[in-house]
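Q: Okay, handing you the structure first.
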Amino acid sequence: MKLNSVSPKEGYTWIRQGIWLFKQNPLGFLMLVFMYIFVAQLAVLVPVIGVFAVLLLTPTLSVGFMTACRQAIQKERIRPSVYLVALQSTPLIRKRILQLGLVYSALILTLSFSLSMLVDFELLLPLMTGDKQMTPEAISQIYLILFFGGLLYVPVAMLMWFSPVLIAWAEMSVPQALFSSAIACWSNRGAFFMYIVIWGAILIAIPLTIGSILDVLGLGQAASFIIAPLSMAGLTVMHCSFFATWKACFAEQESAKLIA
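Residue numbers for the sequence shown follow this note's numbering, beginning at 1 and rising by one.
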């Protein structure tokens, strides 16, 4: 396994490759993302345990989706059972991927605690539990959550970006996978910056713009019927583009190629 360094413009190429990969099996990929969202929403209804289960299995599900990307390139059928491929591997890989899930859970809980020290969640609680109107103070807290949450999540994302597949496919230990993932992201920080900026525009700025335009036209009620499918498709393509980042940052000894 060889670590590659790429130019910043590769961030745009990853997105193009994600679109190409999505086109290979759009229904299969949409099924996987819908399944994850649906099951995750059911799980979080179970206090504490449900949220912990989702966090614990996130690396496992990541390996499953990346495996589905491989299958799409090789023109194989994508099945829901692909999500279990890491758990069906050798006992050592299964143990390490679950250990990585514990690490991820601890990181997210630490991030959440740190975020609670920086913003006032009590101000937002009435908005989440009732029909309270947005106040300038609440909007300010929402922006603070987005800013500090994104800032705190950057090191977590760097550690977790490649570590699941490095464990499952390169058979690395958990510390080695976390270290290699962080180094790969840092070495290619220019490309990742462009990649994140473009996806931020696609998944946040564009839906907000469409929603604002529909509100001005008096079609606010129809916004969800237009934005939700577009966001779902965009989210799925983004997941497909994760495989492109893997292919670019790590040299794999396999014949599968991505077309830009």
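Backbone N, C-alpha and C fix where the C-beta goes; we use that ideal spot for every residue, glycine too.
Per DSSP, which one or two residues make a beta bridge with A251?
A: Taking the sequence shown and counting its residues from 1, one reaches residue 251 at position 251. K2, per the DSSP bridge assignment.
Q: Can you tell which of V85, T58, Q41, I37 has its C-alpha closest to the C-alpha of R70?
A: Residue mapping note: residue 70 aligns to position 70 of the sequence shown, counting from 1. Here the closest residue by C-alpha is V85.
Q: Rounded to whole angstroms, what is the Cα-Cα separation between A256 and T67?
A: Residue 256 sits at position 256 when you count from the first residue of the sequence shown. Residue 67 sits at position 67 when you count from the first residue of the sequence shown. Its pLDDT being 46, under 50, A256 is placed unreliably in this model, and the value from its coordinates should be taken loosely. Distance between the alpha carbons of A256 and T67 is about 12 Å.
Q: Look at A53 and A40 and say whether their C-beta atoms are less than 7 Å apart.
A: Along the sequence shown, one-based indexing puts residue 53 at 53. Along the sequence shown, one-based indexing puts residue 40 at 40. Contact: no.
Q: By alpha-carbon positions, which one of V165, F162, V156, S114 ends up nearest to I145?
A: The residue given as residue 145 occupies position 145 in the sequence shown. Nearest option by C-alpha distance: S114.
Q: Shortest alpha-carbon distance to P164 belongs to which of V154, L178, P155?
A: Residue numbering aside, residue 164 sits at position 164 when the sequence shown is read from its first letter. Residue L178 is the option with its Cα nearest to P164.
Q: Have a look at A184 and I167 and give me their C-alpha separation to the nearest angstrom.
A: Taking the sequence shown and counting its residues from 1, the one referred to as residue 184 is at position 184. Taking the sequence shown and counting its residues from 1, the one referred to as residue 167 is at position 167. Between A184 and I167, the C-alpha separation is close to 15 Å.
Q: Which term fits M238, buried or exposed, when burial requires 16 or more other beta carbons within 10 angstroms of its beta carbon?
A: Counting from 1 along the sequence shown, the entry for residue 238 is found at position 238. Buried: at least 16 other Cβ atoms inside 10 Å.
Q: What is the DSSP secondary structure of G218, reduced to helix, strand or coil?
A: By 1-based counting over the sequence shown, the position of residue 218 is 218. Residue state, collapsed to three classes: coil.
Q: On a CA-only basis, which of R94, G101, L21 is nearest I78? Give me that one, please.
A: Position 78 of the sequence shown, counting from 1, holds the residue named residue 78. Of the candidates R94, G101, L21, the one whose C-alpha sits nearest the C-alpha of I78 is L21.
Q: Express the C-alpha separation of F242 and I19 in angstroms, rounding to a whole number.
A: Position 19 of the sequence shown holds residue 19. Position 242 of the sequence shown holds residue 242. Looking at the two C-alpha atoms, the distance is approximately 11 Å.
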